[in-house]
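Chains as they are written, first to last, in our numbering: chain L, 1 to 401; chain D, 1 to 243.
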């Protein structure tokens with residue numbers, strides 16, 4: 001029998017029992033929708049992490065303190081990284097600029113408006129190294145740094161919250177009770193990330209350390225390279241310089257980490273990838289359940305239509321015609337469920353993006369994956385019932401009531 | 001006369017390896033059917049009529065003996081070849097019609113042609129439906145047809161591939177006497193046009209309408225000859241059971 005006729009027969013048989021067909025596909029619908037939604041959330045997370053890391057600036061190495069190790073006990077982060085380390089690194093060839101960063105949370109007030117924001121102390125090179133633009137006003141100067149001036153640049157969100165649309169330039173804000181003059185507003189980055197510059201207040205590093213938080217170390221050093229090609233070489237130079245400056249004996253562990261953007265991307269990619277795989281496999285279990293549901297209904301269908309199978313055999317259906325008919329039926333049910341699931345998955349991803357505030361991107365291959373998987377599920381779980389139908393004895397089948 | 005089919009020493013034993021429930025349903029039957037004949041197979045319940053019909057229809061295989069259809073030994077054929085034989089050389093008419101309820105009359109008739117891979121199945125099916133006098137009911141579902149009409153559709157389905165033999169299992173068994181007679185007339189008309197007819201029946205009226213009757217008892221041929229002779233010699237028990 002022609003495959004076209006087989007498909008038509010299958011569609012007709014499925015259409016004759018719409019409610020049952022719909023309920024049968026439900027398992028597949030849920031399974032495929034869950035997988036697609038999880039993939040979309042995973043892909044969205046990956047993309048947003050990537051864009052966040054890229055937003056940190058181009059050709060960047062990040063030096064961060066390592067874990068302290070004293071007498072074999074690891075604990076906390078060490079406080080050995082200083083602005084002077086940064087200056088030493090800036091001398092290295094291949095390094096364009098170094099921006100030391102020290103951050104701490106503090107209350108920022110302007111008149112009655114106040115907000116708890118991350119206060120970042122840094123040097124004038126910060127804006128270039130981190131690719132942070134200045135929307136209005138000016139950046140930090142060497143003079144600001146040397147004289148511990150109490151000047152601040154506000155992130156776009158901070159400016160909005162405290163000044164509600166008015167220009168904050170020249171106004172004063174209180175940070176932990178200390179009065180600062182606003183000299184600039186940062187250009188919005190639009191990245192809703194945890195460490196977004198939009199929610200930061202930038203002050204001179206010396207002011208940050210001396211006036212606000214009373215520290216002499218920094219949280220990290222952002223190193224801008226001439227080009228990405230020499231990244232590995234410069235990275236090892238930095239490590240040498242820091243080991244020397246920190247007096248680390250050969251063989252002892254570094255008390256700092258130097259990480260490139262590529263490494264950060266890879267690490268974050270691994271983390272989100274693992275999450276996606278984990279959630280995806282949980283979702284895939286529901287595909288299995290859906291497949292079992294299909295098999296169950298196909299077995300019932302074979303049982304119910306035993307006589308029909310007998311009649312078909314009597315008028316000339318070969319065993320493989322019967323096999324194909326039931327197989328096509330289960331694949332169609334499954335594919336249909338997969339298609340509906342795909343659409344629901346898209347919709348779910350869209351809802352999550354709109355109301356959950358998560359970025360979701362349905363990967364290009366998701367459609368092919370969803371439909372392919374559901375066809376496969378139909379095939380795998382349809383084979384058993386279809387074989388049972390094909391193996392029926394025609395005489396027995398015709399006698400069946 | 002040309003031989004359409006022949007059986008020689010045909011045997012069918014159910015459960016041959018378990019003597020306590022083993023049944024010898026067909027026990028050495030031999031006869032030949034010539035083209036254009038109309039034959040009734042009669043006999044009391046359990047005489048092996050149905051088993052014989054299933055073997056003749058290639059739905060079942062004999063345990064022993066020879067079954068030749070159109071010169072070929074059917075016992076040698078595999079499942080696919082048997083399906084092809086059922087498709088092209090045999091037309092089945094059942095007591096309970098066995099139409100597929102979700103297909104219209106013409107679609108039911110079309111079914112064998114689809115399995116045969118025919119080029120224009122719909123046209124041939126419509127022609128067959130018209131041949132049994134249901135041209136105006138072609139697109140009705142079986143549920144929308146009377147019993148007699150359903151059996152006509154079933155007959156159309158049986159003859160649509162121009163089989164060499166039409167096998168009928170109690171074709172009038174589920175019909176009242178008037179429509180039963182109409183169906184019988186149709187079968188006779190087809191026979192008159194050249195279709196070879198083998199009818200298994202309890203109904204001696206049906207048997208009398210055939211040229212030849214074969215009476216079975218306990219899986220053997222008890223009588224074989226012109227219907228008039230065989231029926232006159234029939235046991236009163238059978239006559240009572242049929243009336």
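All C-beta atoms, glycine included, are put in the ideal place defined by N, C-alpha and C. This one's a predicted model, so the numbers in the text were calculated from it and none came from an experiment.
With respect to the beta strand (DSSP E) encompassing residue i, which residues constitute its N-terminal and C-terminal limits?
{"i": "residue 94 (chain D)", "result": "No beta strand (DSSP E) contains residue 94 (chain D), which DSSP labels as neither H nor E."}
{"i": "residue 247 (chain L)", "result": "No beta strand (DSSP E) contains residue 247 (chain L), which DSSP labels as neither H nor E."}
{"i": "residue 42 (chain D)", "result": "38 to 42"}
{"i": "residue 184 (chain L)", "result": "178 to 186"}
{"i": "residue 113 (chain L)", "result": "113 to 122"}
{"i": "residue 220 (chain L)", "result": "220 to 225"}
{"i": "residue 222 (chain D)", "result": "220 to 226"}
{"i": "residue 395 (chain L)", "result": "It is not in any beta strand (DSSP E) - residue 395 (chain L) instead sits in the alpha helix (DSSP H) that spans 394 to 399."}
Under 8 Å by Cβ, that's how I've got residue i and residue j pegged, so tell me the actual separation to the nearest angstrom.
{"i": "residue 25 (chain D)", "j": "residue 173 (chain D)", "result": "Contact flag wrong, Cβ pair sits at about 20 Å."}
{"i": "residue 89 (chain D)", "j": "residue 164 (chain D)", "result": "5 Å"}
{"i": "residue 263 (chain L)", "j": "residue 59 (chain L)", "result": "Actually they are not in contact, since the Cβ atoms of residue 263 (chain L) and residue 59 (chain L) sit about 14 Å apart, beyond 8 Å."}
{"i": "residue 241 (chain L)", "j": "residue 89 (chain L)", "result": "6 Å"}
{"i": "residue 96 (chain L)", "j": "residue 226 (chain L)", "result": "6 Å"}
{"i": "residue 36 (chain D)", "j": "residue 194 (chain D)", "result": "6 Å"}
{"i": "residue 215 (chain L)", "j": "residue 62 (chain L)", "result": "That pair is no contact at about 19 Å."}
{"i": "residue 31 (chain D)", "j": "residue 66 (chain D)", "result": "Not really, about 12 Å apart at Cβ, beyond 8 Å."}
DSSP three-state call for residue i: helix, strand or coil?
{"i": "residue 213 (chain D)", "result": "strand"}
{"i": "residue 134 (chain D)", "result": "coil"}
{"i": "residue 192 (chain L)", "result": "Confidence is the limiting factor: at residue 192 (chain L) the pLDDT is only 49, short of 50, which leaves the residue's position unreliable, though a coordinate-based value still follows. Coil, per DSSP."}
{"i": "residue 303 (chain L)", "result": "helix"}
{"i": "residue 132 (chain L)", "result": "coil"}
{"i": "residue 139 (chain D)", "result": "coil"}
{"i": "residue 85 (chain L)", "result": "helix"}
{"i": "residue 21 (chain L)", "result": "helix"}
{"i": "residue 327 (chain L)", "result": "helix"}
{"i": "residue 9 (chain D)", "result": "strand"}
{"i": "residue 365 (chain L)", "result": "helix"}
{"i": "residue 92 (chain L)", "result": "coil"}
{"i": "residue 32 (chain D)", "result": "strand"}
{"i": "residue 180 (chain D)", "result": "helix"}
{"i": "residue 243 (chain D)", "result": "Low local confidence applies: a pLDDT of 39 at residue 243 (chain D) is under 50, so the model's placement there is unreliable, and no value is given."}
{"i": "residue 4 (chain D)", "result": "strand"}
{"i": "residue 254 (chain L)", "result": "coil"}
{"i": "residue 386 (chain L)", "result": "helix"}
{"i": "residue 294 (chain L)", "result": "helix"}
{"i": "residue 102 (chain D)", "result": "coil"}
{"i": "residue 260 (chain L)", "result": "strand"}
{"i": "residue 150 (chain L)", "result": "coil"}
{"i": "residue 196 (chain D)", "result": "strand"}
{"i": "residue 170 (chain D)", "result": "coil"}
{"i": "residue 344 (chain L)", "result": "helix"}
Which bits of chain L does residue i rub up against, with CB to CB less than 7 Å?
{"i": "residue 54 (chain D)", "result": "395"}
{"i": "residue 60 (chain D)", "result": "395"}
{"i": "residue 87 (chain D)", "result": "315 and 316"}
{"i": "residue 25 (chain D)", "result": "By Cβ distance, chain L contributes nothing, its closest Cβ being about 11 Å from residue 25 (chain D), past 7 Å."}
Can you list the residues of chain D that residue i reaches, using a CB-CB cut of under 7 Å?
{"i": "residue 321 (chain L)", "result": "115"}
{"i": "residue 16 (chain L)", "result": "102"}
{"i": "residue 308 (chain L)", "result": "100"}
{"i": "residue 12 (chain L)", "result": "102"}
{"i": "residue 311 (chain L)", "result": "98 and 100"}
Residue i versus chain D: which residues are under 8 Å apart at the beta carbon?
{"i": "residue 295 (chain L)", "result": "None at all; the shortest Cβ gap to chain D is about 23 Å."}
Residue range of the alpha helix (DSSP H) that residue i falls in?
{"i": "residue 76 (chain D)", "result": "No alpha helix (DSSP H) contains residue 76 (chain D), which DSSP labels as neither H nor E."}
{"i": "residue 151 (chain D)", "result": "147 to 159"}
{"i": "residue 270 (chain D)", "result": "Outside the displayed span of chain D (1 to 243) sits residue 270 (chain D), for which this structure offers no information."}
{"i": "residue 6 (chain L)", "result": "3 to 15"}
{"i": "residue 51 (chain D)", "result": "49 to 56"}
{"i": "residue 66 (chain L)", "result": "No alpha helix (DSSP H) holds residue 66 (chain L); DSSP gives it neither H nor E."}
{"i": "residue 162 (chain L)", "result": "156 to 163"}
Could you work out which residues of chain L lie near residue i, taking near to mean beta carbons separated by less than 8 Å?
{"i": "residue 79 (chain D)", "result": "318 and 319"}
{"i": "residue 215 (chain D)", "result": "Here the premise fails: no neighbours, minimum Cβ distance about 23 Å."}
{"i": "residue 112 (chain D)", "result": "315 and 316"}
{"i": "residue 157 (chain D)", "result": "315"}
Which residues, in chain order, does the segment 120 to 139 of chain D contribute to contact with chain C at a C-beta distance below 8 Å? Note that chain C does not occur in the displayed structure, where the protein chains are L and D.
Touching or not, the segment 151 to 158 of chain D and the segment 106 to 126 of chain D, by the rule of three or more beta carbon pairs under 8 Å? yes
Does the segment 304 to 317 of chain L touch the segment 83 to 98 of chain D, meaning 3 or more C-beta pairs lie closer than 8 Å? yes
Count the C-beta pairs between the segment 241 to 256 of chain L and the segment 124 to 135 of chain L that are closer than 8 Å, then say yes if the count reaches three, no if not. Touching, no.
Pair every Cβ in the segment 56 to 72 of chain D with every Cβ in the segment 381 to 400 of chain L, then say whether three or more of these pairs are closer than 8 Å. yes
Is the segment 94 to 103 of chain D touching the segment 292 to 311 of chain L in the sense that three or more CB pairs, one from each, lie closer than 8 Å? yes
I'd like to know if the segment 7 to 25 of chain D and the segment 366 to 375 of chain L are in contact, where contact means that at least 3 CB-CB pairs between them fall below 8 Å. No, they do not touch.
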